[in-house]
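>
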Amino acid sequence: LIQMDLKTMIKETQSTIEQIQRWIKSTNINRDSYSFVGVIEALRG
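Position one of the sequence shown corresponds to residue 182 (this note's numbering), numbered consecutively onward.
1. Straight-line CA distance for Ile205 to Ser214?
2. Just the C-alpha distance for Asn209 and Lys192, rounded to the nearest angstrom, thanks.
3. According to DSSP, simplified to helix, strand and coil, what is Leu224?
4. Quick check on Leu182: does DSSP put it in helix, strand or coil?
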């Protein structure tokens with residue numbers, strides 16, 4: 182019973198970490214694209 186709980190906890194922790202990593206990746210991509218657009222605007226201006 183305790184082993185099952187541990188396995189479930191580990192699985193949940195892994196999925197949470199994966200979600201956080203995905204979120205970080207998406208926010209990084211968004212930030213990069215925004216700064217990229219800013220550079221293009223600066224070059225244009």
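For every residue, glycine included, the Cβ atom is placed at its ideal position computed from N, Cα and C.
Treat the numbers as computed from the prediction; the structure is a model and nothing was measured.
A quick look at the data gives this:
1. 14 angstroms
2. 26 angstroms
3. helix
4. coil
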